[in-house]
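Trainee: Numbering (the numbering used here), first residue to last: 2 to 313. Before anything else, here's the structure in question.
Here it is in structure tokens:
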């Protein structure tokens, strides 16, 4: 059960351009561990993307702490820079797109939709995902100059992909980009079979952050949402990805493995050491309550698996 929320949050979004005029660019770059990248270039875009997915974790801890959030890009950037928090796609891609705009990149936001599991219909661009593209950066491998940029897909992209149909290898994962079968004129990113989701579709029309507000509220508060059911954290690197769902840590790629985290100390140490999520602004009482909720959810999951095996 989520904490009760005593302080209401204003979900209204100031969508002036991309929010880049309200973010701390110097602090953001320092958070990513990079110096000023200079004028827009393919090389700089790749470096920024790699740094973001390696240093800013995808995480849903604030949902399970009962801390509602806005998806205004300036607020998301402030979370990343000053408080050490990441977030999910609407926070991460919203903030990163604002940073790129502030650095002079031609950035567009789009409605997207993630298909989580096989056997489920693709939702289309139902705004459960914020997709981002960058334009005007041609190169030998991408003469069209448009790129799919996504730091908010958990174990998704390590670097941008050319916005062109094809198959792309990054570390242990192979991605395919093709025309969307469910969104006319849209695109579909197919994840690797070892990835945590099936695919993501997005439309070419530009979106504003206000287009995602209703879905953000639903995803972060509805008992039916996968975000409210299990606390999830991801971090991507060049050789694979780390994922923690509840009490289970999974590594895909180099040094692959799966481990169950048995106690609060080990769980919080893993958050900090493996994912860079330290939660310094969470009091001890809330930290223990969060662990107890995560452990209780894990125990329910184990019990449901045991019942399923008994029925076989």
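Quick reminder that beta carbons are idealized off the backbone N, C-alpha and C, glycines included. The structure displayed is predicted, hence computed values, not measured ones.
Whose C-beta lies closer than 6 Å to the C-beta of residue 272 among residues of the same chain, with five residues either side of it excluded?
Mentor: Numbered from 1 along the chain shown, position 271 holds the residue referred to as residue 272. The residues are 278.
Trainee: In angstroms, rounded to a whole number, what distance separates the CA positions of residue 105 and residue 35?
Mentor: Residue 105 sits at position 104 when you count from the first residue of the chain shown. Residue 35 sits at position 34 when you count from the first residue of the chain shown. Rounded to whole angstroms, residue 105 to residue 35 spans 16 Å at the Cα level.
Trainee: Can you pull the DSSP bridge partners for residue 163?
Mentor: For the purposes of this step, residue 163 is taken as the residue at position 162 of the chain shown. According to DSSP, which records beta bridges pairwise, residue 163 is partnered with 148.
Trainee: Could you tell me the alpha carbon to alpha carbon distance between residue 302 and residue 174, rounded to whole angstroms?
Mentor: In the chain shown, residue 302 corresponds to position 301, counting from 1. In the chain shown, residue 174 corresponds to position 173, counting from 1. Rounded to whole angstroms, residue 302 to residue 174 spans 28 Å at the Cα level.
Trainee: Within the continuous beta strand (DSSP E) that includes residue 254, where are the two ends?
Mentor: Mapped onto the chain shown, residue 254 falls at position 253. Start and end: 249-254.
Trainee: Please name the residue, chosen from 156, 60, 114, that lies closest to residue 183 on a Cα-to-Cα basis.
Mentor: Residue mapping note: residue 183 aligns to position 182 of the chain shown, counting from 1. Checked all of 156, 60, 114; the closest Cα to residue 183 is 114.
Trainee: In whole angstroms, give me the CA-to-CA distance for residue 307 and residue 298.
Mentor: On the chain shown, position 306 is the one that residue 307 refers to. On the chain shown, position 297 is the one that residue 298 refers to. Their Cα atoms are separated by approximately 14 Å.
Trainee: Taking all protein chains shown into account, decide if residue 74 is buried (16 or more other Cβ within 10 angstroms of its Cβ) or exposed.
Mentor: Counting from one through the chain shown, the residue named residue 74 turns up at place 73. That one is buried.
Trainee: Is it the case that the Cβ atoms of residue 1 and residue 191 are separated by a distance below 9 Å?
Mentor: No answer is possible for residue 1: the residues shown for the chain start at 2 and end at 313.
Trainee: Going by Cα to Cα distance, which pick from 300, 161, 257, 280 is closest to residue 83?
Mentor: Walking along the chain shown from the start, residue 83 turns up at place 82. Residue 83 has its Cα closest to that of 280, out of 300, 161, 257, 280.
Trainee: Have a look at 91, 311, 197, 126 and flag the residue whose alpha-carbon is nearest the alpha-carbon of residue 204.
Mentor: By 1-based counting over the chain shown, the position of residue 204 is 203. Per the Cα distances, 126.
Trainee: Go through its chain and collect everything with a Cβ distance to residue 293's Cβ below 7 Å, but skip five positions before and after it.
Mentor: In the chain shown, residue 293 corresponds to position 292, counting from 1. Cβ neighbours of residue 293 beyond the five flanking positions: none.
Trainee: What does the alpha-carbon distance come out to for the pair residue 180 and residue 285?
Mentor: Looking up residue 180 in the chain shown gives position 179. Looking up residue 285 in the chain shown gives position 284. For residue 180 and residue 285, the distance between alpha carbons rounds to 49 Å.
Trainee: Could you name the residues of the same chain whose beta carbon sits closer than 6 Å to that of residue 91, not counting the 5 residues immediately before and after it, in chain order?
Mentor: Within the chain shown, the letter at position 90 stands for residue 91. For residue 91, where only same-chain residues beyond five positions count, the Cβ hits under 6 Å are 72, 131, 213, 217.
Trainee: Can you grab the Cα-Cα spacing for the pair residue 66 / residue 244, in whole Å?
Mentor: For this step, residue 66 is matched to residue 65 along the chain shown. For this step, residue 244 is matched to residue 243 along the chain shown. About 19 Å.
Trainee: Could you tell me if residue 312 is buried or exposed, where buried requires 16 or more neighbouring beta carbons within 10 angstroms of its beta carbon?
Mentor: The count along the chain shown starts at 1 and reaches residue 312 at position 311. Residue 312 is exposed by the Cβ-count criterion.
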